[in-house]
Amino acid sequence: MARGAGKNNWALFLLLLAGIVIGSFIAQATAGVSALSWLSYGQKFGLTHPFRLDLGILVLTFGLSVKITLGSILGIIIAIIIYHFI
Numbered sequence: 095m096a097r098g099a100g101k102n103n104w105a106l107f108l109l110l111l112a113g114i115v116i117g118s119f120i121a122q123a124t125a126g127v128s129a130l131s132w133l134s135y136g137q138k139f140g141l142t143h144p145f146r147l148d149l150g151i152l153v154l155t156f157g158l159s160v161k162i163t164l165g166s167i168l169g170i171i172i173a174i175i176i177y178h179f180i
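Quick note, the sequence shown lines up with residues 95 to 180 if you use the working numbering.
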């Protein structure tokens, strides 16, 4: 299938976003279950202390933190598989 012929990039983006959110939710929900606790294994990275810019009348605070878990990775994979079949 040629690029752009029937496939929508926004649909892929929304499916990936939904996969990340649902996968992270499942990972957090199963963190206490011994058989499924491996889903919550992951890494957090980003700015540990937000960057603050004080301009006198305006104060800007910049910060970003991302946590990737195995549950969110599985959600991404399932979203890609669903996108392939629609």
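Every residue gets a Cβ at the ideal spot worked out from N, C-alpha and C, and that includes glycine.
Range covered by the beta strand (DSSP E) that runs through Gly126: Counted from its first residue, the sequence shown places residue 126 at position 32. From DSSP, Gly126 is part of no beta strand (DSSP E); its letter is neither H nor E.
For Leu147, which three-state DSSP category applies? In the sequence shown, residue 147 corresponds to position 53, counting from 1. Residue state, collapsed to three classes: strand.
Below 6 Å CB to CB, which residues in the same chain sit around Arg146 once its five sequence neighbours on both sides are set aside? For this step, residue 146 is matched to residue 52 along the sequence shown. Cβ within range, chain order: Thr155.
Verify whether the separation of the beta carbon atoms of Ile114 and Ser159 is less than 8 Å. For this step, residue 114 is matched to residue 20 along the sequence shown. For this step, residue 159 is matched to residue 65 along the sequence shown. Cβ distance not < 8 Å, so Ile114 and Ser159 don't count as in contact.
Bridge partners for Ile140 per DSSP, in chain order? What you label residue 140 is simply residue 46 of the sequence shown in a count that begins at 1. The displayed chain sequence assigns Gly, not Ile, to residue 140. In the DSSP output, where bridge partners are listed per residue, Gly140 has Ser159.
Cα-Cα, which of Leu164, Ile174 and Gly157 is closest to Ser134? Working through the sequence shown from its first residue, we reach residue 134 at position 40. Ranking the options by Cα distance to Ser134, first place goes to Leu164.
Local conformation of Leu152 per DSSP, three classes: The residue you call residue 152 lines up with position 58 of the sequence shown. Residue state, collapsed to three classes: coil.
Minimum C-alpha distance to Ala112 - residue among His178, Ile175, Ile170 and Ala123: The count along the sequence shown starts at 1 and reaches residue 112 at position 18. It is Ile170 whose Cα lies nearest to the Cα of Ala112.
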